[in-house]
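Input: a single structure, listed below in structure tokens.
Residue numbers (this note's numbering), protein chains in the order written: chain A, -5 to 252; chain B, 18 to 347.
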């Protein structure tokens, strides 16, 4: 790849990111609803489950925060697919594909804009968490890494949602379909309850569930203790999923026309 | 590029499952001319448009657009071709100017060139006053104009318009026709698909009639009209219930067989040979049979007649077009 192509690709991606950020500015509900959902997660899960689930040695809000950060960015990810399905049905996608622009730019711009939204959601959730007793226990660097990991999960899931959005070609179907795998994956992980409290087979599954590895890594970065191994495992999962979904979504984009 | 046609398609095939959307389509569009691609819904027009604009690959055959192969040199084709698809593909949440700026950036124009072209196109399509309003506030005609402006940002040598006036009111339609005409006056080549015969008749130097994925006729509007013969006498009866009696009364009046009943107007169409119009004979025959005439008109064949003759189906039946259905008398 020559530097000229690379520069053009970055510029196209920047233009597409800007387009989608404009959407968030023009329809503030898109972002305020995502923020409100994040706040609801923090408050609801903490007070509803907080008394019922024993998390020895750790306050439940500290135990919970990694899981609901992941859940919040995961619940936001279908938006990526919904937006692309809308571009498809309104003919925008055909217009973009008929331009001499870098091919991955539409998807890259869309997923980056959604990552910006996810970053805002994560920061607000942590802010609200602080009001009700949440604390980072492992220092500022680990805190930054925890935030980066949560945003990275949302980014990878955005590519999955992009693939679903392009494959279904319908905004409503895309929204439902890309959320479908998230709920069982999130609730059979270590996100909300310690896997040790689960029945045997479920406990075994929770051990291999990628959400468990990702949540455990964020949790280690928040609570302290050994972080290298969990972070390495989580990163490996994210890289593997990205290596699967990003090429698939781009391939699908190449072959999609209204 | 002098001498080379702007668009050449040779033996294009495209299947979607069991549907043969294109079945051996070949056509040529000389540079600086307008080809009207005419056909009913589902004829294959949009499939052809998508192949020529690199959105689809053909199963067989090839196409060259602006001198580049539509598959092997897709990048160059995209730089040289402007597409305005069936829907006005504008982002409703962006302003008119932001829409054009975005497309200009994706064409890799510099800042100054972007401002120059965007300003010029907004002016040309009478969108300057609305430029800083969101496109969601635009009328259908304004969206179409913005869409066309977007397709021209890259100063394309070839412009492909897929049913550009679908859903427009007559005034917007005429304005769009003028824009298309001015494109060609400036040397651009245009391929436009339409279901509206008047549109093709009005704009196109050449017309290709496409049906069931095949080009069933190709020529100038006059050549196509010549294929379906001479003039017609169209008679509107005072009492449409008498149509059957009238058909009998006029059975062999012009030596060309019984008259047809026009599906749009309910009137009788009597094909006649030669230029002379034996309208007096028609009036006499109907008078003798005691049938009232509300209106009688001698007209040249329209593309409607061409289409009926070539494909056996009337156009615009499912989407009556106020302009084309008014009879297109000339």
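C-beta atoms are modelled at their ideal positions from N, C-alpha and C, and glycine is treated no differently. Given the structure is predicted, the values throughout are model-derived calculations rather than measurements.
Original post:
Contact check, residue 224/B vs residue 217/B under 8 Å by CB: the rounded distance?
Top reply: 5 Å
Original post:
Under a Cβ-count criterion, where at least 16 other Cβ atoms within 10 Å of its own Cβ denotes burial, should residue 299/B be classed as buried or exposed?
Top reply: Of the other Cβ atoms in all chains shown, 16 or more fall within 10 Å of the Cβ of residue 299/B; this residue is therefore buried.
Original post:
residue 88/A by DSSP, collapsed to three states: which one?
Top reply: helix
Original post:
Mind pulling the chain B residues with CB within less than 7 Å of residue 17/A?
Top reply: Residues of chain B with a Cβ closer than 7 Å to the Cβ of residue 17/A are, in chain order, 110.
Original post:
If we cut at 8 Å on Cβ distances, does residue 292/B have a partner in chain A?
Top reply: Because the pLDDT at residue 292/B is just 49, under 50, the model does not fix this residue reliably, and the value given afterwards should be weighed accordingly. Answer no: the Cβ-Cβ gap between residue 292/B and chain A never drops below 8 Å.
Original post:
Can you list the residues of chain B that residue 111/A reaches, using a CB-CB cut of under 7 Å?
Top reply: Here the premise fails: no neighbours, minimum Cβ distance about 15 Å.
Subject >> Contact the segment 102 to 121 of chain A vs the segment 139 to 154 of chain A: 3+ CB pairs below 8 Å >> reply: yes
Subject >> Interface residues of chain B facing residue 93/A [CB-CB closer than 8 Å] >> reply: 95, 120, 123, 124 and 171, listed in chain order.
Original post:
Secondary structure at residue 210/B, three-state DSSP: helix, strand or coil?
Top reply: Reduced to three states, the DSSP call for residue 210/B is strand.
Subject >> Residue of 103/A, 129/A, 32/A and 210/A minimising C-alpha distance to residue 231/A >> reply: Nearest Cα to residue 231/A within the set 103/A, 129/A, 32/A and 210/A: 210/A.
Subject >> Own chain, CB closer than 8 Å to residue 287/B, minus 5 neighbours either side, in chain order >> reply: Result list for residue 287/B: 249, 250, 251, 252, 267, 270, 271, 273, 276 and 299, in chain order.
Subject >> Buried or exposed by the 16-neighbour rule on C-beta atoms within 10 Å, applied to residue 74/B >> reply: exposed
Original post:
residue 258/A and residue 180/A look like a contact to me (Cβ under 8 Å); what is the Cβ gap, rounded to whole Å?
Top reply: The question about residue 258/A has no answer here: the residues shown for chain A are numbered -5 through 252.
Original post:
So, helix, strand or coil for residue 112/B, using DSSP?
Top reply: strand
Original post:
Identify the residues that DSSP records as bridge partners of residue 176/B: which are they?
Top reply: 99/B and 207/B
Original post:
Among 116/A, 61/A and 11/A, which one has its Cα closest to the Cα of residue 102/A?
Top reply: 11/A
Original post:
Under a three-way DSSP split, which group does residue 58/A fall into?
Top reply: helix
**OP:** Decide if the segment 197 to 208 of chain B is in contact with the segment 175 to 186 of chain B; the criterion is three or more beta carbon pairs, one per stretch, under 8 Å apart.
**Re:** yes
Original post:
How long is the line joining the alpha carbons of residue 85/B and residue 211/B, rounded to whole angstroms?
Top reply: Spanning the two alpha carbons is a distance of roughly 25 Å.
Original post:
Along chain B, in chain order, which residues have C-beta atoms closer than 8 Å to that of residue 261/A?
Top reply: Chain A is shown only over -5 to 252; residue 261/A falls outside these bounds and no answer can be derived.
Original post:
Can you give the beta carbon distance from residue 56/A to residue 217/A, rounded, assuming they're within the 8 Å contact cut?
Top reply: 6 Å
**OP:** My understanding is that residue 91/A touches residue 72/B, with C-beta atoms under 8 Å, so please give their C-beta distance in whole angstroms.
**Re:** 6 Å
**OP:** Please compile the residues from chain B whose C-beta is within a distance smaller than 7 Å of the C-beta of residue 21/A.
**Re:** 110
Subject >> Per DSSP, the bridge partner or partners of residue 268/B >> reply: Bridge partners of residue 268/B: none, in fact.
Original post:
In or out: residue 75/A buried (at least 16 other Cβ within 10 Å) or exposed?
Top reply: buried
Original post:
Which residues, in order along the segment 33 to 67 of chain B, keep a beta-carbon less than 8 Å from a beta-carbon of chain A?
Top reply: 67
Subject >> Assigned secondary structure, residue 340/B (DSSP; H/G/I helix, E/B strand, else coil) >> reply: Only weak support is given to the placement of residue 340/B: the predicted model assigns it a pLDDT of 36, under 50, and the value that follows is read from those uncertain coordinates. In this structure, DSSP gives residue 340/B a state outside helix and strand, which the three-state scheme calls coil.
Original post:
Listed from N- to C-terminal order along the chain, which residues in the segment 70 to 82 of chain A have their beta-carbon within a distance smaller than 7 Å of any beta-carbon of chain B?
Top reply: none
Subject >> Best match in 127/B, 202/B and 303/B for proximity to residue 261/B [C-alpha to C-alpha] >> reply: Among 127/B, 202/B and 303/B, the Cα nearest to that of residue 261/B belongs to 303/B.
Original post:
Roughly how far, in whole angstroms, is the beta-carbon of residue 64/A from the beta-carbon of residue 113/A, given that I think they are within contact range, below 8 Å?
Top reply: A Cβ-Cβ distance of about 14 Å is found for the pair residue 64/A and residue 113/A, leaving them out of contact under the 8 Å criterion.
Subject >> DSSP bridge partner residues for residue 79/B (one or two, in chain order) >> reply: 27/B
Original post:
chain B beta carbons: is any one of them nearer than 8 Å to that of residue 86/A?
Top reply: yes
Original post:
Do the CB positions of residue 152/B and residue 128/B come within less than 8 Å of each other?
Top reply: no
Original post:
Among 204/A, 100/A and 66/A, which has the Cα closest to the Cα of residue 28/A?
Top reply: 66/A
Original post:
Alpha carbon to alpha carbon, how far is residue 120/A from residue 158/A?
Top reply: For residue 120/A and residue 158/A, the distance between alpha carbons rounds to 30 Å.
Subject >> Unbroken beta strand (DSSP E) run spanning residue 53/B, endpoints >> reply: Run containing residue 53/B: 51 to 55, per the beta strand (DSSP E) assignment.
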